[in-house]
Amino acid sequence: MLSNAFFLGKGGVGKTTLSAAFALDLARSGKRVLIASLDPAHNLGDVYGVALGDRPTGVERGLDALEVDLGAWVDRYLEESRSELKATYAYAGTLNLDRFFDIMKYSPGTEEYAVLWAIEHIHCELSAEYDVVVFDTPPTALSLRFLAMPAISRLWIAELSKLRERILEKRQSITRINPASPVASSCVDKADDKVYGRLGAIRERLAGLQGLFGKESYVAVVINPDQLSVSEALRIKEELDRIEVPLSGLCVNKRGVSAAEWSLDSRLSETPAFDFDFLPGGLRDREDLRTIDCGSLVADFMATAPEGTL
Amino acid sequence: MDSFGKGFAAKPFLFLCGPGGPREKDMGGFTDGIRAALGVIRQVNRERATEMIEFELKELENIFTLLVIGGFVGMPAPPTPIAIELLPLLERELSIMLSRSDFAQDPLGALMGILQVD
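These protein sequences, in sequence, are chains R and S. For the first sequence, this note's numbering assigns the number 7 to the initial residue and increments by one for each residue that follows. For the second sequence, this note's numbering assigns the number 286 to the initial residue and increments by one for each residue that follows.
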């Protein structure tokens with residue numbers, strides 16, 4: 007069995023409802039489950055009828071939930087970056103110039119990093135107490151960006167590491183031939199080179215996250231029976247293929263909501279699909295989640311082994 | 286007699302060149318000079334042998350820095366956290382990058398100079 011499940015999809019298709027029902031089903035089958043909402047517009051607490059915060063809150067026996075405070079994670083990430091730069095340019099503090107680094111809080115692209123560090127925090131600090139962690143994700147654009155971030159960053163790190171190795175080889179050659187060269191006073195070994203060491207540390211951290219997404223997670227895309235969400239699911243699959251994250255399941259939610267013609271694209275036909283009927287009465291409380299039959303989805307999740315263990 | 290003769294002949298030589306003799310001092314200075322000259326020649330050859338590798342090394346370090354912090358001058362760059370994490374460790378590379386900008390107008394000229402192409 008895998009230890010994580012991600013529910014992705016277009017806004018409004020029912021990611022929160024299905025992930026909440028899935029987590030509840032797992033918990034009632036005896037697993038210890040943590041469900042985390044990564045969506046900046048949280049409504050997981052509303053679905054369960056429990057006030058949730060940034061720390062795990064008990065929903066019922068075997069099920070804890072939390073709503074990640076993305077704003078706090080953005081602040082935390084930026085604070086770390088600001089501290090790093092302020093430490094590098096500590097002398098600027100003497101002239102009170104370091105305050106100009108505060109502009110970094112408005113840097114674009116910080117939200118996906120904040121999500122990434124929040125997932126890393128949940129994985130490293132909280133997941134040990136649970137059998138399964140379920141992630142209710144933000145709408146597609148942000149989710150794909152944070153899922154792709156480890157893979158993209160690793161490409162950069164791989165290329166920079168190769169270049170650094172070449173630099174160190176050149177330094178070694180120069181030091182061997184001409185020990186009096188100023189180059190000889192710089193680092194020539196991989197073990198001593200701080201830059202190479204830091205690249206290795208970043209590589210390990212990213213490998214952990216990529217392994218979490220690609221090998222330890224069940225990634226399900228939620229769609230509605232309409233062509234728009236099928237097209238979006240196709241784009242998600244293509245992006246997931248590109249970053250080597252397998253698509254595990256397709257949840258067709260709100261079956262019967264309309265009589266409009268729709269069909270699954272043949273490129274999605276290899277992925278197991280699970281149907282969930284439209285609830286005409288909507289969701290009023292937690293017990294309504296029991297009317298959503300997650301049995302086959304849970305069975306498929308339980309039957310999916312982590313990559314490399316089959 | 287033989288021994289007297291040998292001793293007689295050896296004495297002035299020993300006096301001049303033996304330990305503490307004036308010749309020995311001259312010879313020592315001469316060999317030191319030769320040794321120093323050979324050292325200079327050897328070092329010059331070493332410098333010349335590594336000149337091209339050092340040029341290549343500086344270019345590699347320059348490229349490395351440009352790749353890491355190129356975002357600051359509008360170049361495609363790695364995700365910002367990578368640049369920020371590496372920045373404090375790039376003092377040497379940054380100074381090399383700035384020094385390379387001195388001959389940015391004529392990098393081939395510098396290379397031809399090293400290769401002694403007129």
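C-beta: ideal position from N, C-alpha, C; glycine also. If you're wondering where the values come from, they're calculated on a predicted model, not measured in any experiment.
Margin query: On the CB-based measure, 16 or more other CB atoms within 10 Å of its CB, does residue 155(R) come out buried or exposed?
Written below: buried
Checklist line | Cα-Cα separation between residue 330(S) and residue 360(S), rounded to whole angstroms | finding: 39 Å
Check: Around the C-beta of residue 297(R), are 16 or more other C-beta atoms found within 10 angstroms, so that it is buried, or is it exposed?
Finding: exposed
Check: Quick one: does the C-beta of residue 238(R) sit closer than 7 Å to a heavy atom of the ligand HEM?
Finding: This structure does not include the ligand HEM; it has no bound ligands of any sort.
Note to self: Taking the beta strand (DSSP E) that residue 63(R) belongs to, which residues open and close that run?
What the structure shows: 63-66
Note to self: For residue 1(R) and residue 168(R), what's the separation of their Cα atoms in angstroms?
What the structure shows: With chain R covering 7 to 316 only, the question about residue 1(R) has no answer from this structure.
Notebook entry, point to check: Tell me which same chain residues have a C-beta within less than 8 Å of the C-beta of residue 238(R), skipping the five on either side of it?
Noted result: 15, 16, 146, 229
Next item on the list: Inspect the CB distances between the region 280-292 of chain R and the region 309-327 of chain S and report whether three or more fall short of 8 Å.
Entry: no
Next item on the list: Since I believe residue 350(S) is in contact with residue 379(S) (beta carbons under 8 Å), could you give me their beta-carbon distance rounded to a whole number of angstroms?
Entry: 6 Å
Next item on the list: May I ask you to list, following chain order, the residues of the region 343-371 of chain S that have a beta carbon less than 8 Å from some beta carbon of chain R?
Entry: 345, 346, 348, 349, 352, 353, 363, 364, 365, 366, 367, 369, 370, 371
Checklist line | Continuous alpha helix (DSSP H) stretch holding residue 34(R): start and end | finding: 21-34
Item checked: Contact set between the region 145-164 of chain R and chain S, restricted to residues whose Cβ is under 8 Å from the partner -> 155, 158, 159, 162, 163
Item checked: is_contact[residue 201(R), chain S] using C-beta, thresh 8 Å -> yes
Notebook entry, point to check: Can you list the residues of chain R that residue 323(S) reaches, using a CB-CB cut of under 9 Å?
Noted result: The contacting residues do not exist; residue 323(S) stays about 15 Å from chain R at best.
Notebook entry, point to check: Based on the DSSP secondary-structure assignment, which residues constitute the bridge partners of residue 10(R)?
Noted result: 139(R), 223(R)
Margin query: Counting only Cβ pairs nearer than 9 Å, list the residues of chain S close to residue 119(R).
Written below: 364, 365, 366
Notebook entry, point to check: Which ranges does the alpha helix (DSSP H) cover as unbroken runs of at least 4 residues, wholly within the region 177-243 of chain R, from first to last along the chain?
Noted result: 200-220
Next item on the list: Take residue 144(R) as the anchor and find which of 19(R), 9(R), 283(R) has the nearest alpha-carbon.
Entry: 19(R)
Item checked: Classification of residue 244(R) by the beta-carbon crowding that lies within 10 angstroms, buried from 16 upward -> exposed
Next item on the list: Take residue 37(R) as the anchor and find which of 70(R), 182(R), 256(R), 177(R) has the nearest alpha-carbon.
Entry: 70(R)
Notebook entry, point to check: Is it true that the region 180-197 of chain R meets the region 214-226 of chain R, where meeting means three or more beta-carbon pairs spaced less than 8 Å apart?
Noted result: no
Next item on the list: Could you check if residue 200(R) is buried or exposed, using at least 16 other CB atoms within 10 Å of its CB as the buried criterion?
Entry: exposed
Margin query: With H, G and I counted as helix, E and B as strand and the rest as coil, what does DSSP make of residue 43(R)?
Written below: strand
Check: Do residue 8(R) and residue 307(R) have their CB atoms nearer than 8 Å?
Finding: yes
Next item on the list: Check the Cβ-Cβ distances between residue 189(R) and every residue of chain B, and say whether any is below 8 Å.
Entry: Protein chains R and S are contained in the structure displayed, whereas chain B is not.
Margin query: What residue range does the alpha helix (DSSP H) around residue 372(S) cover?
Written below: Counting along the chain, residue 372(S) falls outside any alpha helix (DSSP H), and DSSP gives it neither H nor E.
Next item on the list: Name the two residues that bound the continuous alpha helix (DSSP H) containing residue 305(R).
Entry: 301-309
Margin query: Please tell me whether residue 142(R) and residue 277(R) are closer than 8 Å, where the distance is taken between their beta carbons.
Written below: no
Margin query: Within the continuous beta strand (DSSP E) that includes residue 281(R), where are the two ends?
Written below: 279-283
Item checked: Where residue 171(R) falls: helix, strand or coil (DSSP) -> helix
Next item on the list: Would you mind reading off the limits of the alpha helix (DSSP H) that contains residue 53(R)?
Entry: 50-54
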